[in-house]
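full-length UniProt numbering puts the first residue of the sequence shown at 1, with every later residue one more than the last. Comments concern the structure below.
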Amino acid sequence: MAPHQLSSAAPAPAAAPLGCLASTDRYYLRVVRPEDTEEVFQFLRRFYYPFEPVNQSVNRIPVNIYQCSHGETIKEGLSLAAIERDTGKLIGVSIQGVATPEDDAEVMKKVEAVANYGAVKIAKSFEIVAVLEREADIWSKLNVTESLRVLATAVDSDYRGLGVGAAFVVASARLAADRSIRWLSVAATSHYFANACKRLGGELVHSVRYDRFVDEHGRPHLPVKAPHQAMTMWVFDTDDLLSTSPVNNRPRRQSATGA
């Protein structure tokens with residue numbers, strides 16, 4: 001089997017297969033299946049973990065799926081894979097699941113557990129997520145108890161510029177809407193992903209600077225390199241994102257910033 005070709009995927013037919021969420025002449029999107037988990041994890045090890053600013057700053061690349069939360073998230077059945085039509089090759093993934101107000105407390109439990117082992121920098125890499133979640137407080141601002149949260153997105157470097165990332169966001173909104181979840185939320189760790197969220201019409205709710213986390217000598221726990229300066233929380237109204245009409249006649253719900 002060729003590298004990064006999902007074991008469940010045969011060479012793609014001329015037409016996109018049933019069950020795909022979006023398609024172009026080059027690729028289609030579908031939900032990641034449980035049997036894809038290891039293949040997806042290896043894809044993340046190659047195209048996500050080495051370049052994601054926070055993991056890069058603490059030199060953390062998980063060696064197996066059990067060292068990160070992405071395996072559990074995949075089990076929710078809401079993560080997405082981009083598949084090249086002609087070859088069946090995996091060219092992108094978006095790891096996502098349902099987020100709730102209790103998530104920041106769960107992350108803080110992980111922070112404490114990791115810190116107890118003396119891995120302070122790793123603990124801080126988790127803590128910033130909990131801080132962003134708590135301070136963004138999209139739950140009270142939007143008056144909701146859940147959102148579909150995009151946690152990690154990666155595209156094969158040979159296939160960038162094809163609009164795969166944008167297609168993931170729109171398809172994620174469709175998944176959320178199908179489950180009566182009004183809001184899609186994105187925790188963007190990189191400057192580039194934040195810019196992509198802005199271009200797609202996302203609403204910036206909150207940001208937490210990386211240099212906020214320092215030791216007693218003022219040295220950063222998360223020495224993230226430029227141009228990345230902060231982790232940001234974005235939200236998308238799925239009704240607006242999916243609307244193809246020039247004028248959306250459906251009433252907008254209150255925005256996260258009150259606009």
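Built from N, CA and C at the ideal position, the CB exists for glycine as well.
Rounded to the nearest whole angstrom, the C-alpha separation of Gly-19 and Glu-135 is 37 Å.
Here Gly-92 carries a strand assignment [DSSP, helix/strand/coil]. Boundaries of the beta strand (DSSP E) harbouring Arg-209: 203 to 209, taken from the DSSP string. Scanning Gln-42, Lys-75, Glu-133 and Val-32 for the CA closest to the CA of Ser-94 turns up Val-32. The residues Ile-95, in chain order, have a CB closer than 6 Å to that of His-70 in the same chain once the five nearest residues on each side in sequence are set aside. Every alpha helix (DSSP H) of 4 residues or more that sits fully in the segment 108 to 184 is shown, in chain order, as 120 to 136, 138 to 142 and 164 to 178. In this structure, the CA atom of Ile-83 is about 11 Å from the CA atom of Asp-156. In this structure, the straight-line span from the alpha carbon of Asp-240 to that of Ala-81 is close to 23 Å. The residue among Thr-87, Leu-151, Gly-88 and Lys-89 with its C-alpha nearest the C-alpha of Ala-188 is Leu-151. Where Asp-239 is concerned, the enclosing alpha helix (DSSP H) starts and stops at 238 to 242. Listed as beta-bridge partners of Ile-74 by DSSP are no residues whatsoever. For Ser-207, the closest C-alpha among the options Ser-190, Glu-216, Arg-199 and Leu-200 is that of Ser-190.
Judged by beta-carbon spacing, Glu-146 lies within the 8 Å limit of Ala-99, meaning their Cβ atoms are closer than that value. Thr-238 is positioned such that its CB atom lies closer than 8 Å to that of Ala-173. For a cut-off of 8 Å, the C-beta gap from His-228 to Pro-53 is around 4 Å, short enough to register as a contact. A direct Cα-Cα distance of roughly 24 Å separates Glu-76 from Ile-128. Burial is judged here by how many other beta carbons sit within 10 angstroms of a residue's own beta carbon; Gly-202 has at least 16 and is buried. In the three-state scheme derived from DSSP, where H, G and I count as helix and E and B as strand, Tyr-48 is classed as coil. Around Ser-243, the same chain offers no residue with a beta carbon nearer than 6 Å, after the five sequence neighbours per side are excluded. Here DSSP, grouped into helix, strand and coil, assigns Glu-38 to helix. DSSP lists Arg-149 as the beta-bridge partner residues of Gly-97. Taken atom to atom, the span from the alpha-carbon of Gly-161 to that of Asp-137 is near 33 Å. Of all alpha-carbon atoms in Gly-97, Pro-50, Ser-57 and Tyr-192, the one lying nearest the alpha-carbon of Ala-176 is that of Gly-97. Around the CB of Gly-165, 16 or more other CB atoms lie within 10 Å, so the residue is classed as buried. Beyond the five residues adjoining it in sequence on each side, Val-144 comes within less than 7 Å, by CB distance, of Arg-182 and Trp-183 in the same chain, given in chain order. Under the three-state reduction of DSSP output, Ser-23 falls in the strand class.
For the set Ile-91, Phe-126, Ser-57 and Thr-37, the Cα lying nearest the Cα of Tyr-28 is the one of Ile-91.
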